[in-house]
Structures are given as structure tokens and as C-alpha cells.
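Taking the UniProt record's numbering, the leading residue of the sequence shown gets 1, the next gets one more, and so forth. Every residue gets a Cβ at the ideal spot worked out from N, C-alpha and C, and that includes glycine. Have a look at the structure below, then the notes.
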Amino acid sequence: MTPDYPLLVRQLEALLDTLDWLSNSAQTCAFIMQEVGELNWVGFYLHRQPNMLSLGPFQGKPACHPIPFEKGVCGAAARTRETQRIDDVHAVADHIACDSASNAELVVPIVVKGQLWGVLDLDSPTKARFTTNDQAGIESLVTVFIDKTELTTTALT
Ligand code: SME
1 MTPDYPLLVR QLEALLDTLD WLSNSAQTCA FIMQEVGELN WVGFYLHRQP
51 NMLSLGPFQG KPACHPIPFE KGVCGAAART RETQRIDDVH AVADHIACDS
101 ASNAELVVPI VVKGQLWGVL DLDSPTKARF TTNDQAGIES LVTVFIDKTE
151 LTTTALT
């Protein structure tokens, strides 16, 4: 069933009642894992070192760390600062396989005041799981996360 993203936006706004990036990022990925179907991994990668993504709070199996900007779907999102929506990760030459169950992927960059703070990564076992509607919906949840969280220098310290 297609998630009711406008409802999820209101619920996430209510859930994120602290400005703390660690609490809010943990809550956000747990909330998405619970409310959005057919996912096997949801989590944050943080931009804590130049051109490198460090594993942050997540739900799912232990994952790859670190990820350089040059590699994988997460690296492409960090480099281009554009959402990456991949129907079949096996068709992406430099895809980084953390969990063999993953077939589709959606990675949304998190940009705050012109700086890349990190990315939110969703993996699904279902090929072509993520529609343009899912992309817009998850991007709206990322906007809630940004608006409800103190992210200025956070992950870089
Ligand atoms: N598949 C990602 C790596 C992160 S995991 O999916 C958790 C990529 O290619 O960037």
C-alpha cells in the first residue's frame, strides 16, 4: 500500500520534539522503517570528514563504513546533491552491496545552509520499489527532519 506521506509528515513533526540531531536522526529512520513498506535498511550517512560519508543511526543489518564520495549510490547523492532513485542496484556499476537483500535504493541528500550535512539512504528488496511519489514523500520527511533539528555544524564536530 502506498504510504500516506502528508500524514507521515504530520506524525514525524510531532515525533521530533528535541532539536538534537542524534535523537532526531535515530527516531526518523526508525519511523520510516516502521511506516514505509518493503524496506530492509534505512539510515543516515554523515558528512564528518571531507568527501567521506560516515555511518550514522540506522535500522537494518550492519552496514558499510566509510563511503567515499566517489563511490556508490550514496556517494553520487553526496557529490551531486541530488536524490538518487535506483530501480535495480545491480545495474549500477559501483553500487556498494552492504546487504545482499537490497535491490532498489533511494538516497536523499541533506543540505543545510549550502553545506552537505549527510544523506538518508533507503534500501528495498523489491526492484523498482521507489516511485516518484515515494521520492517526493521521503524528501518531504527529510525536510521535516531538517526543520526540526539543530544541524548547523553538528555532524562535523
Ligand atoms: N548501497 C549503498 C551503500 C550503503 S548501503 O545500502 C546501507 C551505496 O551504493 O552507496
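Can you name the start and end residues of the beta strand (DSSP E) that residue i belongs to?
| i | result |
| --- | --- |
| Arg-48 | 41 to 49 |
| Arg-85 | 84 to 86 |
Which word fits residue i, buried or exposed, when buried means at least 16 other C-beta atoms lie within 10 angstroms of its C-beta?
| i | result |
| --- | --- |
| Gln-84 | buried |
| Ala-77 | buried |
| Asn-24 | buried |
| Gln-34 | exposed |
| Thr-28 | buried |
| Thr-2 | exposed |
Please report the straight-line C-alpha distance between residue i and residue j, rounded to a whole angstrom.
| i | j | result |
| --- | --- | --- |
| Arg-79 | Val-73 | 10 angstroms |
| Asp-134 | His-90 | 20 angstroms |
| Pro-109 | Arg-81 | 6 angstroms |
| Asn-103 | Val-112 | 29 angstroms |
| Phe-31 | Val-142 | 12 angstroms |
| Leu-19 | Leu-12 | 13 angstroms |
| Lys-48 | Lys-127 | In the sequence as presented, Lys is not what sits at residue 48; that position holds Arg. Going by the C-alpha atoms only, they are around 31 angstroms apart. |
| Asp-87 | Thr-131 | 9 angstroms |
Following the continuous alpha helix (DSSP H) through residue i, name the residue where it begins and the one where it ends.
| i | result |
| --- | --- |
| Leu-12 | 5 to 15 |
Is there contact here, the segment 60 to 73 with the segment 88 to 98, by at least three beta-carbon pairs under 8 angstroms?
Of all C-beta pairs linking the segment 60 to 73 to the segment 88 to 98, three or more are shorter than 8 angstroms, placing the two stretches in contact.
Are at least three pairs of beta-carbons, each pair with one atom in the segment 31 to 51 and one in the segment 114 to 121, less than 8 angstroms apart?
With contact defined as three or more Cβ pairs closer than 8 angstroms, the segment 31 to 51 and the segment 114 to 121 are in contact.
For a minimum of 3 consecutive residues, which ranges assigned as the beta strand (DSSP E) are wholly contained in the UniProt domain "GAF" (21 to 156)?
List check, beta strand (DSSP E) in window: 41 to 49, 52 to 60, 84 to 86, 104 to 112, 115 to 124.
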